[in-house]
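Protein chains in written order, with this note's numbering: chain A, -9 to 497; chain B, 49 to 361. Quick reminder that beta carbons are idealized off the backbone N, C-alpha and C, glycines included. The structure under discussion appears below in the form of structure tokens.
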């Protein structure tokens, strides 16, 4: 290319870019910046949080949750539990079709639940393990039969386990279904370029089409938070999720954008190795409960939230946030008490215990580790920070080769999803190696109790044991920070951090 | 020339075989169980067991290598377990992006580096030389990600001239494609231009003091002809090698630049694959880029023959 031709191209490119940036956003397309590239778009196999954001526009579920975490109908219009709590009968929404035109009915529910339960590599099998059979009562009524009562089931069905895909498309595609998913949500799949974009377009026959005001949604994974925000500011995106806490103030003060925040249903915590391996018998923090209590008392949660999250988190001491209906009020957040921490360490005969604190290399986890190190030092702890790449840290945690490990959980709508796998004996996420038969019994009791007050009472009993034994020290619950153009209205802030497209529109 | 070529070609196969062994065994040194990473948040033991079996992690190392090599020889590089897509399809998807970015970057680098090197050599120890050196030093010492973010903040956020990140296929919209590529390509080309400038300068200085250049001048040739026709041609040989090597490096993916500008090329693909322990992708992409690197080296050697007639024996 000659220099002149090159110049012409460059000038044209710059001019075009300028026009694009200056023109109003494409009115009917919502351009959505994701913090990561989702994994496979098959609800049965999907494993990541970010994938659930895409599913919220692509695949409807039997149920949904509202902003207060109540279960609300989606594809199931109404439901009823049997008296013994072992059968869930659902009346299905009539007139619903999948994106390939196939009808949604009780046979489709049966197919989907069975697919979740039997497909090789299914990540839903554990969530539905207590569902033994599915009956097609009539074309629009399905019944799930359980081997024992399981109160978190509705919450599971309000997530990926309740997502319904077209049986015809799923049978045809087999394990390649995720490359071209066919669901019944408000938008249907158009194309995906790995690490670049996922394009969905409006499904004209959506059962709730009056609530949908966009023709297209384009999801663009942009890992760097600064670049994600730059794209919003320069007009290439309309919405970004997970704004960096340090940018929240700048976004709020810019009149072109709105910032939405809501406390997550997950948590940020420090897992302590109390019995995962023999190492726990030799470390101060593993063998003596008083040392763990001293460690917690040395921490100032408000200080951590200010320094690490610039205030963009709610302090907490349990697996659910303080405003959650299942928060155990008998175990409030302990205040920092360095003197008491020192006294506990003295009583334990270990005034200066060493704690190796393993942390992933993300900037939040690193900051937490540094603040904890400084705070715990005042009580006499010698905290050594061990920065470890995530995959490696997972391996070390699984082998029990750690004292303390900074780990976050994205959270589930039902409290069971935030504690069972972490505190019941030998569960996959029980990195602490915590195991108490009475806690297992209470956890199982909470799963079989449908009554909210009775369940809360059970969780209070559980809290009074596990928050004393401290397999995990819970620190805070992050705020989901979403930034978007001020033209966008109708956003509902649901604590699971997923954006529902229903009701969203440009003014 | 033909014997030389034959000798070069004969070394390629054993080199590639060695590369496959190296890629495969180095990957095994990565700590962490790939099945656990891919199993996601829930860490369901049944899913982990399934993934281990699918990745043949339950088999001994040599057996796994043979599985993989067998696939490679039949053109099957395996499947990305995270994205459920064949590795060859991923490479085919990313390759045009990476090639385009690399080519634009190298064109920018050559367009800046070689003229700057010549000017700097011709005006040795005078102000154009100092200026070129200062610019080169700046290019070498500016971190890619920093320059990238600065460019985004200035040209996209402040001025609103260029898209902040992303990629548009040139077949869809050539202008939008160039608008998206110009900043990342400049970031990459800028650093390489500095290296090329330094090499051109030293090669030119060496050649300019040689006997034949003195003879050319003594013949009364125009200085322009001496520099551009007689000196530059000889000075370019090492610069071509360097350019080819830099191009090879660019083709293996510009990790940080692609991350900052969200360009879906090899760099992003491979980094995500390493962190997700998506073994098949890492192996496939590294093998592919290694092959491309070897091929480019060969092409650079061929280019010597064109530039330097003495080698054409």
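For this session: Could you tell me which chain B residues have their CB closer than 7 Å to the CB of residue 384(A), listed as they occur along the chain?
Result: 80, 84, 85
For this session: Report the residue ranges of all alpha helix (DSSP H) runs contained in full by the segment 387 to 469 of chain A; include only those spanning at least 4 residues, in chain order.
Result: 406 to 413, 427 to 438, 442 to 459
Exercise. Any idea what DSSP makes of residue 80(A), helix, strand or coil?
Worked result: strand
Exercise. With a cut-off of 8 Å, does the C-beta of residue 218(B) fall near any C-beta of chain A?
Worked result: no
For this session: Please decide whether residue 332(B) counts as near chain A, where near means a Cβ-Cβ distance under 8 Å.
Result: no
For this session: Between the Cα of residue 248(A) and those of 108(A), 228(A), 94(A), spot the shortest distance and give me the residue it belongs to.
Result: 228(A)
For this session: Classify residue 320(A) as helix, strand or coil using the three-state DSSP reduction.
Result: coil
Problem set entry | Any chain B beta carbon closer than 8 Å to residue 14(A) | At residue 14(A) the pLDDT is 42, less than 50, meaning the model places this residue with poor confidence and gives no usable figure here.
For this session: Use the C-beta contact count for residue 291(B): other C-beta atoms within 10 angstroms, 16 or more gives buried, fewer gives exposed.
Result: buried
Problem set entry | Three-pair Cβ contact test at 8 Å for the segment 332 to 344 of chain A versus the segment 315 to 324 of chain A | no
Exercise. How long is the line joining the alpha carbons of residue 126(A) and residue 163(A), rounded to whole angstroms?
Worked result: 24 Å
Exercise. Should residue 242(A) be flagged as near chain B, meaning a C-beta pair shorter than 8 Å?
Worked result: no
Problem set entry | Three CB pairs or more closer than 8 Å across the segment 322 to 329 of chain B and the segment 126 to 141 of chain B | yes
Exercise. How would you call residue 62(A), buried or exposed, if buried means at least 16 neighbouring beta carbons within 10 angstroms?
Worked result: exposed
Problem set entry | Residues in the segment 358 to 381 of chain A having any Cβ partner in chain B nearer than 8 Å | 379, 380, 381
Exercise. Roughly how many angstroms separate the alpha carbons of residue 12(A) and residue 345(B), rounded to a whole number?
Worked result: The pLDDT assigned to residue 12(A) is 42, lower than 50, so where the model puts this residue is not dependable; a value taken from the coordinates is nonetheless given after this. Rounded to whole angstroms, residue 12(A) to residue 345(B) spans 45 Å at the Cα level.
For this session: Check the DSSP bridge columns for residue 513(A) and list the partner residues they point to.
Result: Here chain A has residues from -9 to 497 only, and residue 513(A) is not among them.
Exercise. Per DSSP, what kind of secondary structure is residue 123(B) in: helix, strand or coil?
Worked result: coil
For this session: Enumerate, from N- to C-terminal direction, the unbroken beta strand (DSSP E) stretches of 3 or more residues contained entirely within the segment 337 to 385 of chain A.
Result: 344 to 349, 372 to 377
Problem set entry | Alpha-carbon to alpha-carbon, residue 409(A) and residue 398(A) | 13 Å
Exercise. Are there three or more Cβ pairs, one per stretch, closer than 8 Å when the segment 200 to 219 of chain A is compared with the segment 18 to 36 of chain A?
Worked result: yes
For this session: Give a yes or no on whether the minimum CB-CB distance between residue 11(A) and chain B is below 8 Å.
Result: In this prediction, residue 11(A) scores a pLDDT of 44, lower than 50, which makes its location untrustworthy; the coordinate-derived value is nonetheless stated afterwards. Yes, contact with chain B.
Problem set entry | For residue 330(A) and residue 471(A), the rounded distance between their alpha carbons | 36 Å
Exercise. With a Cβ-Cβ cutoff of 8 Å, do residue 31(A) and residue 40(A) count as a contact?
Worked result: no
For this session: On the DSSP bridge assignment, give the partners of residue 244(B) in chain order.
Result: None; residue 244(B) has no bridge partner.
Problem set entry | Whole-angstrom distance between residue 218(A) and residue 324(B), CA atom to CA atom | 22 Å
Problem set entry | For residue 116(B), three-class secondary structure by DSSP | helix
Exercise. Could you give the residue range of the beta strand (DSSP E) that holds residue 71(A)?
Worked result: 66 to 71
For this session: Taking only heavy atoms of the ligand GTP into account, decide whether any of them is closer than 7 Å to the Cβ of residue 217(A).
Result: The ligand content of the structure shown is nil, which means the ligand GTP is not present either.
Problem set entry | Given 8 Å, three or more beta-carbon pairs between the segment 155 to 162 of chain A and the segment 76 to 94 of chain A | yes
Exercise. What in chain B is Cβ-close to residue 110(A), meaning under 7 Å?
Worked result: 98
Exercise. Mapping DSSP to helix, strand and coil, what is residue 153(A)?
Worked result: strand
Problem set entry | Backbone secondary structure at residue 225(B) - three-state DSSP | helix
Exercise. Can you name the residues of chain B whose CB is closer than 7 Å to the CB of residue 455(A)?
Worked result: By Cβ distance, chain B contributes nothing, its closest Cβ being about 24 Å from residue 455(A), past 7 Å.
Problem set entry | Below-8 Å beta-carbon distance, residue 216(A) vs any chain B residue | yes
For this session: Could you list which residues in chain B have their beta carbon closer than 9 Å to that of residue 24(A), in chain order?
Result: The premise fails here: residue 24(A) is roughly 11 Å from chain B at the closest Cβ pair, so nothing lies under 9 Å.
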